[in-house]
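First to last, the sequence lines map onto chains Y, F and S.
According to my numbering, the first sequence is numbered sequentially starting from 979.
According to my numbering, the second sequence is numbered sequentially starting from 135.
According to my numbering, the third sequence is numbered sequentially starting from 844.
By construction, the Cβ of each residue, glycine as well, lies at the ideal position given by its N, Cα and C atoms.
These figures come from a predicted structure and were not determined experimentally.
Here's the structure, in structure tokens; my notes come after.
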Amino acid sequence: MPVLWLFVLLLVIAAVAFFAGRATVLRTVKGKSRLLHSLPGFYGWYTSILTFVPAFLVLIVWVIVQPLIINHAVAPMITSAQDDIQRSLMADDVQNIAKGLDLMSAQGLLPQETSAMPDDLRGMLGSVGVALGSDPTEDKYAAALEFRALSRIGSIALTAVVLMVAGAGFLIARRQVTPTMMARNKVEDFVRSLLILSASIAILTTVGIVLSLVFSTIKFFGLYPAADFFFGLTWSPSFQGESELGLLPLIWGTLFISLIALLVAVPIGLFAAVYLSEYASSSMRAIAKPALEVLAGIPTIVYGLFALLTVGPLLRTLFGDGGTFGVNWMTSADAAITAGLVMGMMLIPFVSSLSDDIINAVPQAMRDGSLGLGATPSETIRQVVLPAALPGIVGAILLAASRAIGETMIVVLGAGAAAQISMNPFDAMTTVTTRIVAQLTGDLDFSSPTALVAFALGMTLFVITLGLNVLALFIVRKYQEQYE
Amino acid sequence: MNQMSLIDRAVDMTHIKIAARGVNVYYGDSHAIKDVNVEIADKTVTAFIGPSGCGKSTFLRCLNRMNDTIDICRVTGDILLDNEDIYDKRVDPVQLRAKVGMVFQKPNPFPKSIYDNVAYGPRIHGLAKNKAELDEIVEKALRRGAIWNEVKDRLHAPGTGLSGGQQQRLCIARAVATEPEVLLMDEPCSALDPIATAQVEELIDELRQDYSVIIVTHSMQQAARVSQKTAFFHLGNLVEYGDTGQIFTNPRDPRTESYISGRIG
Amino acid sequence: MTDAPVSKPKSSLLVQDARTKRRNASEARFKIYGLAAIGIGCAFLLTLLTAILFNGVPAFKQTFVTLSVTLDPAAIEDAENSTLKTAKYKAMVSEALLAELTEVGIQTDMDPTKLGDMLSSATGDQIRTYALAHPEQMGQTVEFTVLGSSRVDGYMKGRVTREALANDKNLDAEHLDIVDQLAAAGKLSLKFNPAFIFGSDASEKRPEQAGLGVSVVGSFIMMLVVLFLSLPIGVAASIYLEEFAPKSRLTDLIEVNISNLAAVPSIVFGILGVAVFIQFGGGSLGIDALRKSAPLVGGLVLTLMTLPTIIISTRAALKAVPPSIREAALGVGASRMQAVFHHVLPLAAPGILTGTIIGLAQALGETAPLLLIGMVGFVATNYPSGFFDAFTAPNSAMPAQIYEWAKRADPAFYERAWGGIIILLVFLLALNIIAVILRSRFERRW
């Protein structure tokens, strides 16, 4: 890993620069550090930063840009390509061949560097773990050799340039370092920009999410009509083509299951929160509150397994063929009700802890006012506390809904895979999240609509949950301001 | 009304509304009220004064069992309302509080309309048979709260939109609407400006005609202005209780005298 | 205002009127609803924990058979020259089993190959490995403890019944008679199975051999990545937002962004991982370390997911440090940066660490994004060969491995999935206990 070693070398140089900078400024004042504007260490840091940062940036940009340039340079060598799309696909092969050759020579498997293509190149590459999309051809092999040659030149040039930039930075810093220089302020400015950079990672993440969804979604709509996707009533993907990719059954399943979950979680969570904050003795609170919080800390895979192996079979013995109730409503243990029930369980602590916060934010004076008029505690809660807390509680329910819609593991394991629009909670249904998992696992061909549809589904999911979250956050924030 | 006229205040002592006998209050380990005995007359304004933390608010909250809402609070002794022990097991605090209304230190209108604020009590206690009767009760209460003229055109505006003084008068109207027999006021003017305070004090004096009013205040001037009887609390003890005129002009206990003259506070 | 209030009939406090009775009844009902809600919540928790323990504890035990196998040099040479090496070894074990049966006096007319169905197909490999490692014991008879097949194991644990075997082609009722007799003779028993905790995953046909160990390493590596990236970035971002950021549109945008990211479904982060890290980073940019199924990629995705949690709790911890501390530092001439790094940050550290640990616990249990970046769908058989390899070599992770087992639709794997959950929950419990201890020991109230 030459880049890694170059990076380590750069770190060592930066460390040296720190001590050099510190020593230089101390020498100019003959060790009397009181004469300096800043502590001696800051001069060291300043030198070190100026040495390291520009060189490091060059290193990163170079590593990213080099393969692009080289690809561009070797692209004309791929003569067997008929058009640009094919050429770009073949360029991947060229890169893979080059990578494979590198691996083989690193492991000593490459007997000699020949310009003639070995017969069993594909097999040889396979033995070092590089799989090719198509059979290697002579022109690709030649391009790969060229690719390797250019890469080698590139990496030598990279080392030289990076070291030169580091050296230049060091020299500039040395010239600037004088006892009156405000080294601390400069170092702090740098630290501050690092802090800003970290804070903007949140934005970058969102941008990353949006970009990764948008590009592939657009690509998908190029292959599959958007109207058919949004308004289609059938979901039957087929990797051989002729897929029908209608969103509606998935949305239906998602909303149906989420609704069941909310029907379970909201009353139970809300009543639990009310009881805990208004009635429970402190010893009861000390037991019940953590118990509910434990439910929140359990990973969703556990709930998924619980749905698949415990709740589903249980419901089937109750409602299935020859079951306890003799109703034969349920044919398979995977059903909307299974996933909905378990998801409701998962959401109880979510609803209860959010509502608890919100109910506690209602000032005690309100309760006193009502109790002082002779209202019973429950009248106080129903007629004063809950109406006052209503916006906050609505916000909490919206957040819970967004959770339910985006939940994956419970539905993957508990809801089944049948994409259908049905009113019967005992039917198997499927959701947007389960289909994303189904379309994006395994070996993928990112140019087929069956894989790309996952991005369109992801986009739909992201937009829905984003809308709910922003709305909920807005409501909750407004609510909190009211009592501040 | 605003002058310190302490003479010719006929106190009708014929009817004792509330009698406390040997009342002790504990908050966990701390002993907040120590053996308090007091008899409070009907149709009178009684003021509780004393330095902060002396227990006057705590004692006030015992009178309609608002202390029940605090887990660690324990009350012993007897408090009789019309000769019935309000801490009797058979007594429902809800019924008690309908008879003994309360106005709090900070105005606390519910986040509802002005109308609904006042109608809240009558509604939960089932005082009105129909909408017209409820309207009547609300209007009467708002008139008694001396705020009717200011809000009659916007009864359905939120109560929280009123000014501080208006809010407090709304809260008084709200308390009056349930037709209590006793009205407890816990420093009702401490969050108000002088003009609003004057309005509320005037109102208190009017309320005396129909109710037994007990007011906690740490303003001695206010006690002197509005009350006929004054009780002075200090460190959980009821130090002195008597006619307001006598307490302020001729206190019997040296502690009362120190407080009145500003030496303890 | 002179009209006196309507004097109502005096009612005694000691008698409840009808209305009060009705109101108190509704009060009691309301309280019961609340209690019921808490009861249901706790009942759910109890059911869940019971299901986990009841189904999962058996996974820690496994049926082992004690056998004496003669390492016959001729047979071993024959097996080594064959293309089906382990099958030949397995045949040797089956013969040994038959001999063992005869020795303890169990009569059977089953042929050895069929008899061998009682034992795991992994036994062949076990004998081979031993034989090749100990050439000096060639020709001797060595006592082995070998795995029983998953059906035998299920029978020992009461999961497989004789009725259920009626249409099972792997095992007959006759086998079970032998199992009963072997167990009675002390040659076959359920024992604690450390391989479940430390071993690697096994193919679909050998649930009895599968273990969680390799995926524990995968999870551990991911947690390392999450810790070393999200802690510094999260703390830096929080410091900026809490201590330095001006009140501006941009700051508002970042704040809304963070609260929103905390609520974005985890699967969307998985899509981000596929598109940005694997397709773009590993594909377009050709960064080799970013490949499918690599714990490094998993760690990066989980880092992005954990960041909002850490930022939110760190900001709360910073906010809890009173402004007087900052003013004191500024008052003696420290810069704002120094005030923050020398005074505020150390005071907020316990809160930050607690938040980080809770974020880690969340990340440890997260499954959905790992499915998309390919940490399922293969058999994670080998421990990584070195430290760097552990980051980039395809691996599974605990929750992904549990999902993988749950998907294999074999009751023997279900049992392992439940058992895996117990291990996962033990790790989560440990993390949470650390957080609780940190909080109670170092938390300062101002």
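ask   = What residues from the stretch 212 to 235 of chain F come within 9 Å of chain S, judged by C-beta to C-beta, listed N to C?
value = 215, 216, 218, 219, 220, 222, 224, 225, 226, 228, 229, 230, 232, 233
Check your understanding: In terms of DSSP beta bridges, what is residue 1238 of chain S paired with?
Key -> Per DSSP, none; premise fails for residue 1238 of chain S.
- prompt: Taking the beta strand (DSSP E) that residue 906 of chain S falls in, what are its first and last residues?
  reply: 904 to 913
When the cut-off is 8 Å and only beta carbons count, does residue 260 of chain F lie next to chain S? yes
Return the residue from the list Y:1141, Y:1312, Y:1383, Y:1355 that minimises the CA-CA distance to residue 1239 of chain Y. Y:1383
Q: Establish whether the CB of residue 1124 of chain Y and some CB of chain S are separated by less than 8 Å.
A: At a cut-off of 8 Å between beta carbons, residue 1124 of chain Y makes no contact with chain S.
Check: Could you check where the alpha helix (DSSP H) with residue 1206 of chain S kicks off and where it finishes?
Finding: 1188 to 1208
Can you list the residues of chain Y that residue 880 of chain S reaches, using a CB-CB cut of under 9 Å? Going along chain Y in sequence order, the residues near residue 880 of chain S (Cβ under 9 Å) are 1245, 1246, 1247, 1248, 1249, 1250, 1251, 1252, 1253, 1326, 1330.
- Task: Measure the C-alpha to C-alpha separation of residue 848 of chain S and residue 275 of chain F and round it to an integer number of angstroms.
- Result: In this prediction, residue 848 of chain S scores a pLDDT of 39, lower than 50, which makes its location untrustworthy; no coordinate-derived value is stated.
Self-check item: residue 1331 of chain Y versus residue 1251 of chain Y - alpha carbon distance
Solution: 7 Å
Q: Give the range of the beta strand (DSSP E) segment to which residue 1167 of chain Y is assigned.
A: Here residue 1167 of chain Y belongs to no beta strand (DSSP E); instead the alpha helix (DSSP H) covers 1161 to 1201.
Compute the Euclidean distance between the alpha carbons of residue 257 of chain F and residue 268 of chain F, then round it to the nearest angstrom.
8 Å
Helix, strand or coil for residue 992 of chain Y, going by three-state DSSP, please let me know. helix
How far does the alpha helix (DSSP H) with residue 1066 of chain S in it reach, from first residue to last? 1056 to 1082
Name the residue from F:266, F:396, F:370, F:279 whose alpha carbon lies nearest to the alpha carbon of residue 187 of chain F. F:370
(message) Within a Cβ cutoff of 6 Å, which residues of the same chain sit near residue 1227 of chain S, ignoring the five residues on either side of it in sequence?
(response) Hits under 6 Å: 1233, 1236.
Residues, ordered as in the chain, of the stretch 1239 to 1256 of chain S that lie near chain Y by beta-carbon distance below 7 Å:
1242, 1245, 1246, 1249
Below 7 Å on C-beta distance, what does residue 863 of chain S contact in chain F? 226, 228, 229
Do residue 1068 of chain S and residue 1128 of chain S come within 8 Å of each other at the CB atom, strictly closer than that value?
no
| said: Between residue 1316 of chain Y and chain S, is the shortest Cβ-Cβ distance under 8 Å, so that the two count as touching? | reply: no
**Study point:** Contacts around residue 1080 of chain S, its chain only, beta-carbon distance under 6 Å, and the 5 residues preceding and following it disregarded
**Key:** 1154
Looking only at DSSP bridge pairs, what is residue 990 of chain S linked to? S:907
Please classify residue 264 of chain F: is it buried, with 16 or more other beta-carbons within 10 angstroms of its beta-carbon, or exposed? By the neighbour-count criterion, in which a residue is buried when 16 or more other Cβ atoms sit within 10 angstroms of its Cβ, residue 264 of chain F is exposed.
**Request:** Determine, using beta carbons only, whether residue 1049 of chain S comes closer than 8 Å to chain F.
**Result:** no
Buried or exposed: which applies to residue 1329 of chain Y, given that a residue is buried once 16 or more other Cβ atoms fall within 10 Å of its Cβ?
It counts as buried.
- Taking only runs of the alpha helix (DSSP H) that begin and end inside the stretch 910 to 998 of chain S, which ones reach a length of at least 4 residues, in chain order? 916 to 924, 928 to 947, 955 to 958, 966 to 976
Check: Is residue 1423 of chain Y helix, strand or coil by DSSP?
Finding: coil
- prompt: If you drop the 5 nearest sequence neighbours on each side, which residues of the same chain put their C-beta closer than 7 Å to that of residue 1010 of chain S?
  reply: none
Legend entry - Identity of the residues DSSP links to residue 1243 of chain Y by a beta bridge: Residue pairing by DSSP leaves residue 1243 of chain Y without any beta bridge partner.
Practice task
Kindly indicate if chain S contains any beta-carbon less than 8 Å away from that of residue 1384 of chain Y.
Solution key: Cβ-Cβ to chain S under 8 Å: yes for residue 1384 of chain Y.
Item checked: Amino acids of chain F, ordered along the chain, whose beta-carbon sits closer than 8 Å to that of residue 855 of chain S -> 218
Report the start-end ranges of each beta strand (DSSP E) in the stretch 166 to 254 of chain F that is 3 residues or longer and not cut off at the edges. 179 to 183, 207 to 215, 234 to 237
Give the secondary structure of residue 844 of chain S by DSSP, where H, G and I count as helix, E and B as strand, and everything else as coil.
Only weak support exists for where residue 844 of chain S lies, its pLDDT of 36 falling under 50; the coordinates are left without a value.
- Applying the criterion that 16 or more other CB atoms from any shown protein chain within 10 Å of the CB defines a buried residue, is residue 977 of chain S buried or exposed? exposed
**Request:** At 4 residues or longer, and completely inside the stretch 1284 to 1342 of chain Y: list those alpha helix (DSSP H) runs for me, N to C.
**Result:** 1290 to 1297, 1314 to 1339
*asked:* Give me the residue from S:1257, S:1177, S:1210, S:1264 with the minimum Cα distance to residue 1243 of chain S.
replied: S:1210
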